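A.B. asks: Read in order, the letters of the sequence shown are residues 78 to 468 in my numbering.
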Amino acid sequence: MTEKDILNYLMHHTAIFNSNEKLSIKEISDGNINYVFRIKSQNKSVIVKYASDKIRTSGNPLSTERNRIETNALIDENNYAKGSVPMIYHHDENRSILIMEDLYDYDNLRYALMNQRQFSTLGKDMTSFLTKTLLLSSDFIMDPKEKKQKVKNYINPMLCAITERLVFTEPYDKEINTNILTKENEEFLIHELYEDEHLKLEVAKLKYNFETKAQSLLHGDLHTGSIFVKEGSTKILDPEFAFYGPAGYDIGNIVANLIFAWTRCAVGTGNKDFMNYIKDTITQIIDGFKNDGMTLLKEKVTDRMYLNDEFLNNAIQDILCDSAGMCGTELIRRIIGDAKVKDITTIDDIKQKCKAECFCVLVGKSLIKQRKYIWNANNYFEIMDDIWEKL
Ligand code: ADP
Ligand code: MG
Numbered sequence: 078m079t080e081k082d083i084l085n086y087l088m089h090h091t092a093i094f095n096s097n098e099k100l101s102i103k104e105i106s107d108g109n110i111n112y113v114f115r116i117k118s119q120n121k122s123v124i125v126k127y128a129s130d131k132i133r134t135s136g137n138p139l140s141t142e143r144n145r146i147e148t149n150a151l152i153d154e155n156n157y158a159k160g161s162v163p164m165i166y167h168h169d170e171n172r173s174i175l176i177m178e179d180l181y182d183y184d185n186l187r188y189a190l191m192n193q194r195q196f197s198t199l200g201k202d203m204t205s206f207l208t209k210t211l212l213l214s215s216d217f218i219m220d221p222k223e224k225k226q227k228v229k230n231y232i233n234p235m236l237c238a239i240t241e242r243l244v245f246t247e248p249y250d251k252e253i254n255t256n257i258l259t260k261e262n263e264e265f266l267i268h269e270l271y272e273d274e275h276l277k278l279e280v281a282k283l284k285y286n287f288e289t290k291a292q293s294l295l296h297g298d299l300h301t302g303s304i305f306v307k308e309g310s311t312k313i314l315d316p317e318f319a320f321y322g323p324a325g326y327d328i329g330n331i332v333a334n335l336i337f338a339w340t341r342c343a344v345g346t347g348n349k350d351f352m353n354y355i356k357d358t359i360t361q362i363i364d365g366f367k368n369d370g371m372t373l374l375k376e377k378v379t380d381r382m383y384l385n386d387e388f389l390n391n392a393i394q395d396i397l398c399d400s401a402g403m404c405g406t407e408l409i410r411r412i413i414g415d416a417k418v419k420d421i422t423t424i425d426d427i428k429q430k431c432k433a434e435c436f437c438v439l440v441g442k443s444l445i446k447q448r449k450y451i452w453n454a455n456n457y458f459e460i461m462d463d464i465w466e467k468l
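1) Assuming K307 and Y183 are in contact, meaning their beta carbons sit under 8 Å apart, how far apart are those beta carbons, in whole angstroms?
2) I'd like the ranges of any alpha helix (DSSP H) spanning at least 4 consecutive residues and lying wholly in the segment 327 to 394.
3) Which residue marks the beginning of the beta strand (DSSP E) containing D169, and which one marks its end?
4) Since G200 is in the beta strand (DSSP E), which residue starts that stretch and which ends it?
5) Keeping to the same chain, check which residues put their C-beta closer than 6 Å to that of N155; ignore five residues upstream and five downstream.
6) I want to know whether the segment 329 to 342 touches the segment 221 to 234 - three or more CB-CB distances under 8 Å.
7) Quick check on this structure: which residue in P234, G405, E264 has the alpha carbon closest to the alpha carbon of I331?
8) Could you say if the segment 269 to 286 and the segment 433 to 448 meet the contact criterion of at least three C-beta pairs nearer than 8 Å?
9) Considering Cα atoms alone, identify which of R143, G329, Y271, D425 is closest to I359.
10) DSSP beta-bridge partners for M461?
11) Between G302, D315, K290, which lies nearest to H296 when the distance is taken from Cα to Cα?
12) So if DSSP puts V306 in a beta bridge, which residue, or which two residues, is it bridged to?
13) According to DSSP, is P138 part of a helix, a strand, or is it coil?
14) Out of D357, N109, T240, I116, which one is the CA nearest neighbour of S129?
15) Return the residue from the list L139, L180, I253 that minimises the CA-CA distance to C237.
16) Please determine if the segment 141 to 160 and the segment 256 to 270 are in contact, where contact requires at least 3 C-beta pairs separated by less than 8 Å.
17) Just how far apart, CA to CA, sit E247 and I253?
18) Which residues in the same chain as K449 place their Cβ atom closer than 7 Å to its Cβ, once the five residues preceding and following it in sequence are excluded?
19) Taking the straight line between their C-alpha atoms, what separation do you get for S96 and T148?
20) May I have the straight-line CA-CA distance separating T210 from R242, to the nearest angstrom?
21) Can you name, in chain order, every residue of its own chain whose Cβ lies under 7 Å from the Cβ of E288, other than the five neighbours on each side?
22) Taking 7 Å as the cut-off, is the beta-carbon of L212 closer than that to any non-hydrogen atom of the ligand ADP?
23) For a test of your reading of the model: does the CB of E104 fall under 7 Å from any non-hydrogen atom of the ligand MG? Yes or no.
24) Report yes if the C-beta distance between T389 and K375 is below 8 Å; otherwise report no.
25) Hey, would you say the C-beta of Y181 is under 7 Å away from at least one heavy atom of the ligand ADP?
26) Can you tell me which of I232, Y326, L258, N120 puts its alpha carbon nearest to the alpha carbon of E407?
27) On the CB-based measure, 16 or more other CB atoms within 10 Å of its CB, does I232 come out buried or exposed?
28) Report the option in S214, K430, D425 whose CA atom is closest to the CA atom of I412.
29) Taking three-plus beta-carbon pairs below 8 Å as touching, is the segment 170 to 177 in contact with the segment 117 to 127?
30) For A92, which of L207, M235, T372, K121 has the nearest alpha-carbon?
31) Mapping DSSP to helix, strand and coil, what is K446?
32) With hydrogens ignored, establish whether the beta-carbon of N185 is closer than 7 Å to any heavy atom of the ligand ADP.
33) Can you give the beta carbon distance from L213 to Y157, rounded, assuming they're within the 8 Å contact cut?
34) With DSSP collapsed to three states, give me the class of E115.
35) Leaving out five residues on either side along the sequence, give the residues of the same chain with a beta carbon under 7 Å from the beta carbon of L258.
36) Take I427 and list the residues in its own chain whose beta-carbon comes closer than 7 Å to its own, dropping the five residues that flank it on each side.
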């Protein structure tokens with residue numbers, strides 16, 4: 078759809094703008110997959126997200142079903158965690174058009190953290206989002222028949238296949254030519270990722286876990302570029318990868334992306350205040366999920382078989398161990414794979430960039446291999462501090 082088609086659509090299929098309003102339209106996406114337009118009148122603006130049947134950047138085919146899944150996920154996430162996502166104004170399933178609130182006064186969290194900005198409620202907001210969306214959508218709390226219906230509605234084969242390939246396969250396979258290795262780090266990456274059989278075994282287990290554990294409704298792509306912030310408010314965008322998977326995948330993803338922000342700062346300005354802020358945020362997320370998650374389960378679980386403190390403690394612990402492993406896979410795939418993160422790629426000094434890459438890969442490997450023993454934020458920091466000192 079062209080800009081003209083979008084404006085025509087807005088006029089003839091929605092009542093968002095009056096026919097006498099003068100509108101401006103701009104394609105604003107910095108993502109890879111969809112078209113995102115901002116349409117403004119004098120006193121209002123909205124976002125139109127349009128999913129074509131091809132990926133915007135590569136032109137490869139991709140099911141437009143992702144637009145329906147994103148819309149449903151935004152609705153469910155808002156039901157579980159009120160106000161955590163942009164408001165939906167209109168959805169057209171046949172045309173794959175989603176119209177939503179324009180978060181014009183929010184910033185992309187990745188860029189904000191690259192500039193060492195701090196937001197006082199980020200940790201608390203993320204904990205609330207994760208605890209509520211992951212647990213309220215699970216069999217611990219939801220009626221099992223309703224939950225199975227949801228699993229069915231969120232079957233998302235093509236987008237899951239992308240994750241299975243990019244996150245759990247390609248980073249460990251030297252035959253794959255999509256990996257992009259920083260030349261100065263080639264030997265290190267080949268040795269640490271392609272030649273470590275124990276690591277590959279543990280990643281195979283995590284991959285199988287991702288494919289088979291229909292535990293919770295996941296966002297599915299919870300990196301810092303999917304989070305928009307302003308002081309006192311956090312919004313989560315872009316859940317087109319949503320499906321029922323292991324709860325730890327979302328938690329691990331966001332923690333890994335916070336570790337990228339920490340690493341960038343550590344090899345750059347070394348601003349201790351900001352590095353402590355990132356660690357505090359990780360603590361709020363990991364330890365917060367443990368505490369608030371337990372409180373929520375105790376309050377909401379009704380299945381009499383599950384009303385057992387030891388069972389519920391184990392459940393939370395199991396999610397946190399998964400989180401550590403998934404965090405490790407995200408740390409690794411963003412260094413060696415072709416979907417990199419700007420936090421690391423834009424480090425100018427090549428020595429520092431190599432150090433940052435080594436750090437992320439080694440922390441990732443330890444998290445994957447030791448995940449059975451990792452269920453506190455401090456366990457993450459012990460690994461990070463130990464590896465940092467040795468580099
Ligand atoms: P994709 O699925 O193609 O990655 P995203 O949903 O991530 O697309 O959106 C791409 C970009 O468009 C975002 O990074 C943001 O800059 C902008 N954007 C998307 N949705 C909104 C919104 N509701 N308000 C403001 N900006 C938005
Ligand atoms: Mg997307």
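A virtual CB, placed ideally from N, CA and C, is assigned to each residue, including glycine. In this text, all values refer to a predicted model and were calculated from it rather than measured experimentally.
C.D. replies: Let me spell this out:
1) 5 Å
2) 349 to 377
3) 165 to 169
4) Premise fails: G200 lies in the alpha helix (DSSP H), 199 to 213, not in any beta strand (DSSP E).
5) V162
6) no
7) G405
8) yes
9) G329
10) Note: M461 sits in no beta bridge, so no partner.
11) D315
12) D184, T311
13) strand
14) N109
15) L139
16) no
17) 6 Å
18) C398
19) 26 Å
20) 25 Å
21) E241
22) no
23) no
24) The sequence as given places Leu at residue 389; Thr does not occur at that position. Their beta carbons are under 8 Å apart, which means L389 touches K375 by this criterion.
25) yes
26) Y326
27) exposed
28) K430
29) yes
30) K121
31) helix
32) yes
33) 5 Å
34) The residue asked about is misnamed: residue 115 is Arg in this sequence, not Glu. If DSSP states are grouped into helix, strand and coil, R115 belongs with the strands.
35) L266, I413
36) E261
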